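Visitor:
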Amino acid sequence: MSTIVLINTSYPDKDSNSYTKLSIPLGLLSISSPLISAGFEVILIDPQIEKDYIKKIEIALKEPPLFVGMTVFMGSNILNALNLSKFIKSIDARIPIVWGGPLATSSPEICFNHSPVDYIVMGMGEKEVIKVAQKIEQGKPLNSLANVSYKDNNTIHKKPIYNFCGDIDSLEYPDLTMWKRGIYQLNYIPILTSRGCPRNCSFCYNNTFTGRKKWYGRSMQNVLNEMSFWGNYFNKKSFHFIDDNFLVNTKRACHILKESIARNYQIDQILGHLNDFKPEILNLITGYIHHIGFSIESASYKIQKLLNKIIDLEKAFGILEYFSKNNVQVITTNFMFGLPT
Ligand code: SF4
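In numbering that gives the first Met the number 0, the protein residues as written are 0 to 340.
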């Protein structure tokens, strides 16, 4: 059986004071499921959890894998991906390195020009990664793959971003069994109920990665089945909805919340756009969900226009006050600084 090594590149520098508990390698877990179903062995290495991850990587590479895969996005993650890729090439330059994720998808040229990455899967990777593994296993070139960019000598061949057009419910659940220690440390189960966003904020990775204004919501039944599946597996009733915008479809969100309440599930977090906190949503989440998040980004109308994200500040203050009065324990709002004017 051919092996693929996946490395979570999202981990804090040892000197940093990161306030987040653990970064969930959901992209890697999402591609693990179809790879395993297609008959490949997957080794996941997470430096957040494996203290001696360098040794673990060295052991995993003793028998060269088909490729080493990483998710690359903004932040310290880029440096980690770069350093790990160089390290892997220093062990065995023949091992292909495959990147995916928002940054690699939106800026493949930068990635190819500044790192030893061999291939970049453009956009959602569940389907394309199987073809990558099969081609490498068969010793065939990857240049015929529709959504995999590559560098040939000094020429970058940039391919279009994968355009998902199937049934989102047909995708396998992320393989959380690959990350058991993470789940036990988090003490909750992360659930991604949707992908993308129908809004069009100019800075958002969804515009490139998932497609401009595209939103794929899983059906209520599919989401609840996954909650039930992992809840039973890990013997937990605590979940976080980690969607960028859980509230896009009010009816769907209300159904999922109502059924979660009926099942006595504890939902610890939802994130949504301010305008999507409709009265029926507020009724359901008040007193039920401890952590609610939405982003303001900027109080300047000029900057908001630049970001294509107009936020009604009066409404934002009103909802913050409402959550505070109703004992929401954690309210997160994000702001951006340093934007050009
Ligand atoms: S509302 Fe949030 S998820 Fe949607 S496009 Fe804007 S930043 Fe992205």
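Even for Gly, the Cβ is constructed at its ideal location relative to N, Cα and C.
Computed from a prediction, not measured in an experiment: that's the story for all the values here.
Quick one: Cα of Y287 to Cα of C253, how far?
Guide: Looking up residue 287 in the sequence shown gives position 288. Looking up residue 253 in the sequence shown gives position 254. So the two alpha carbons sit approximately 13 angstroms from each other.
Visitor: May I ask you to check if the CB of R198 is nearer than 6 angstroms to at least one heavy atom of the ligand SF4?
Guide: To locate residue 198, count along the sequence shown from 1; it is residue 199. For the ligand SF4, at least one heavy atom lies less than 6 angstroms from the Cβ of R198.
Visitor: Report the CB separation of T192 from V222 in whole angstroms; it is logged as a contact under 8 angstroms.
Guide: Counted from its first residue, the sequence shown places residue 192 at position 193. Counted from its first residue, the sequence shown places residue 222 at position 223. About 5 angstroms separates the two Cβ atoms, so the contact holds.
Visitor: By Cβ distance, which residues of its chain are closer than 6 angstroms to D275, with the 5 residues on each side in sequence left out?
Guide: The sequence position of residue 275 within the sequence shown is 276, counting from 1. If we look at D275 and ignore the five residues flanking it on each side, its Cβ neighbours are L246.
Visitor: Does the distance between the C-beta of D243 and the nearest non-hydrogen atom of the ligand SF4 fall short of 6 angstroms?
Guide: To locate residue 243, count along the sequence shown from 1; it is residue 244. Within the cutoff, so yes.
Visitor: Within the same chain, show all residues whose beta-carbon is closer than 8 angstroms to that of I295, passing over the 5 residues directly before and after it, in chain order.
Guide: Start at 1 with the first residue of the sequence shown, and residue 295 comes out as number 296. Within the same chain, I295 has close Cβ partners L273, I310, L312, A315, T332, N333, F334.
Visitor: Can you list, in chain order, the residues of its chain whose CB lies under 7 angstroms from that of N199, leaving out five sequence neighbours each side?
Guide: Position 200 of the sequence shown, counting from 1, holds the residue named residue 199. These residues qualify, in order along the chain: N206, R211, K212, N307.
Visitor: Between A59 and the rest of its own chain, which residues show a CB-CB distance below 6 angstroms, the 5 nearest in sequence each way excluded?
Guide: Position 60 of the sequence shown, counted from the first residue, corresponds to residue 59. Once the five neighbours on either side are set aside, the close Cβ partners of A59 are V4, I42.
Visitor: Return the first residue and the last residue of the beta strand (DSSP E) that I167 is part of.
Guide: For this step, residue 167 is matched to residue 168 along the sequence shown. I167 -> no beta strand (DSSP E), and no H or E assigned at all.
Visitor: Is P173 near L28, with beta carbons less than 7 angstroms apart?
Guide: In the sequence shown, residue 173 corresponds to position 174, counting from 1. In the sequence shown, residue 28 corresponds to position 29, counting from 1. Closer than 7 angstroms, so yes.
Visitor: Helix, strand or coil, according to DSSP, for Y149 in the structure here?
Guide: Residue numbering aside, residue 149 sits at position 150 when the sequence shown is read from its first letter. Three-state result, Y149: strand.
Visitor: If contacts are defined as beta-carbon pairs under 8 angstroms, then M121 and Y161 qualify, I think. What distance do you get, rounded to the angstrom?
Guide: Residue numbering aside, residue 121 sits at position 122 when the sequence shown is read from its first letter. Residue numbering aside, residue 161 sits at position 162 when the sequence shown is read from its first letter. Yes, they are in contact, since the Cβ atoms of M121 and Y161 sit about 6 angstroms apart, within 8 angstroms.
Visitor: Between I48 and G138, is the Cβ-Cβ spacing less than 7 angstroms?
Guide: As a first step, residue 48 must be located in the sequence shown, where it is residue number 49. As a first step, residue 138 must be located in the sequence shown, where it is residue number 139. No; because the gap between Cβ atoms is not below 7 angstroms, this pair is not in contact.
Visitor: Just the C-alpha distance for K34 and V128, rounded to the nearest angstrom, thanks.
Guide: Along the sequence shown, read from residue 1 onward, the residue named residue 34 stands at position 35. Along the sequence shown, read from residue 1 onward, the residue named residue 128 stands at position 129. In the sequence on display, residue 34 carries Leu and not Lys. Roughly 7 angstroms between the two C-alpha positions.
Visitor: Output the boundary residues of the alpha helix (DSSP H) element that contains T104.
Guide: If you number the sequence shown from 1, residue 104 lands on position 105. Segment 101-105, the alpha helix (DSSP H) holding T104.
Visitor: I'd like the span of the beta strand (DSSP E) that includes I218, first residue to last.
Guide: Taking the first residue of the sequence shown as 1, we reach residue 218 at position 219. Per the sequence shown, residue 218 should be read as Ser rather than Ile. First-last for S218: undefined, no H or E at that position.
Visitor: Distance, Cα to Cα, N76 vs P101?
Guide: By one-based count along the sequence shown, residue 76 stands at place 77. By one-based count along the sequence shown, residue 101 stands at place 102. Spanning the two alpha carbons is a distance of roughly 11 angstroms.
Visitor: Would you kindly check if the distance between the Cβ of P189 and the Cβ of I241 is under 7 angstroms?
Guide: Working through the sequence shown from its first residue, we reach residue 241 at position 242. Working through the sequence shown from its first residue, we reach residue 189 at position 190. Taking 7 angstroms as the Cβ cut-off, I241 and P189 qualify as a contacting pair.
Visitor: Near S218, which residues of its chain fall below 6 angstroms by C-beta distance, leaving aside the five closest residues on each side in sequence?
Guide: As a first step, residue 218 must be located in the sequence shown, where it is residue number 219. D168.
Visitor: What residues are listed by DSSP as bridge partners for S193?
Guide: Taking the sequence shown and counting its residues from 1, the one referred to as residue 193 is at position 194. Answer by DSSP bridge pairing, in chain order: G216.
Visitor: Go through its chain and collect everything with a Cβ distance to P107's Cβ below 6 angstroms, but skip five positions before and after it.
Guide: Working through the sequence shown from its first residue, we reach residue 107 at position 108. So the qualifying residues of the chain are I119, S148, K157.
Visitor: My understanding is that P24 touches W178, with C-beta atoms under 8 angstroms, so please give their C-beta distance in whole angstroms.
Guide: Locating residue 24 in the sequence shown gives position 25, counting from the first residue. Locating residue 178 in the sequence shown gives position 179, counting from the first residue. Yes, they are in contact, since the Cβ atoms of P24 and W178 sit about 7 angstroms apart, within 8 angstroms.
Visitor: Quick one: does the C-beta of N205 sit closer than 6 angstroms to a heavy atom of the ligand SF4?
Guide: In the sequence shown, the residue the question calls residue 205 occupies position 206. Yes, the beta carbon of N205 sits closer than 6 angstroms to at least one heavy atom of the ligand SF4.
Visitor: The ligand SF4 and H290: does the residue's C-beta get closer than 6 angstroms to at least one heavy atom of that ligand?
Guide: Mapped onto the sequence shown, residue 290 falls at position 291. Incorrect: H290 has no Cβ contact closer than 6 angstroms to the ligand SF4.
Visitor: As a quick exercise: from L185, D91, G26, N282, pick the residue whose alpha carbon is nearest that of T70.
Guide: Along the sequence shown, read from residue 1 onward, the residue named residue 70 stands at position 71. When only C-alpha atoms are compared, the closest one is G26.
Visitor: Please classify T8: does DSSP put it in a helix, a strand, or coil?
Guide: Counting from 1 along the sequence shown, the entry for residue 8 is found at position 9. Correct three-state label for T8: coil.
Visitor: Are the CB atoms of Y264 and F233 nearer to each other than 7 angstroms?
Guide: If you number the sequence shown from 1, residue 264 lands on position 265. If you number the sequence shown from 1, residue 233 lands on position 234. Against a cut-off of 7 angstroms, the Cβ pair of F233 and Y264 comes out as no contact.
Visitor: Tell whether a beta-carbon distance below 7 angstroms holds between I30 and I44.
Guide: As a working note, residue 30 is residue 31 in the sequence shown. As a working note, residue 44 is residue 45 in the sequence shown. Against a cut-off of 7 angstroms, the Cβ pair of I44 and I30 comes out as no contact.
Visitor: Closest to K134 by C-alpha separation, out of S1, I284, C203, would be which residue?
Guide: Taking the first residue of the sequence shown as position 1, residue 134 is located at position 135. Nearest option by C-alpha distance: S1.
Visitor: Does C164 pass the burial test, meaning 16 or more other C-beta atoms within 10 Å, or should it be called exposed?
Guide: Here residue 164 corresponds to residue number 165 of the sequence shown, with the count starting at 1. That one is exposed.
Visitor: Nearer than 6 angstroms: is that true of the beta carbon of H156 relative to any heavy atom of the ligand SF4?
Guide: By 1-based counting over the sequence shown, the position of residue 156 is 157. No, the beta carbon of H156 sits no closer than 6 angstroms to any heavy atom of the ligand SF4.
Visitor: Please work out which residues of its chain come closer than 6 angstroms, Cβ to Cβ, to I155, disregarding the five sequence neighbours upstream and downstream, and give them in chain order.
Guide: Numbered from 1 along the sequence shown, position 156 holds the residue referred to as residue 155. Closer than 6 angstroms at the Cβ level, and outside the excluded window around I155, lie E108, F111.
Visitor: Near S259, what residues of its chain come up, given a Cβ to Cβ distance below 6 angstroms and the 5 sequence neighbours on each side ignored?
Guide: If you number the sequence shown from 1, residue 259 lands on position 260. Only I266 meet the Cβ criterion.
Visitor: Rounding to the nearest angstrom, what Cα-Cα distance links I255 and V327 in this structure?
Guide: Start at 1 with the first residue of the sequence shown, and residue 255 comes out as number 256. Start at 1 with the first residue of the sequence shown, and residue 327 comes out as number 328. Rounded to whole angstroms, I255 to V327 spans 20 angstroms at the Cα level.
Visitor: Does the Cβ of H272 lie closer than 6 angstroms to at least one heavy atom of the ligand SF4?
Guide: Translated into the one-based positions of the sequence shown, residue 272 becomes position 273. Under cutoff, so the answer is yes.
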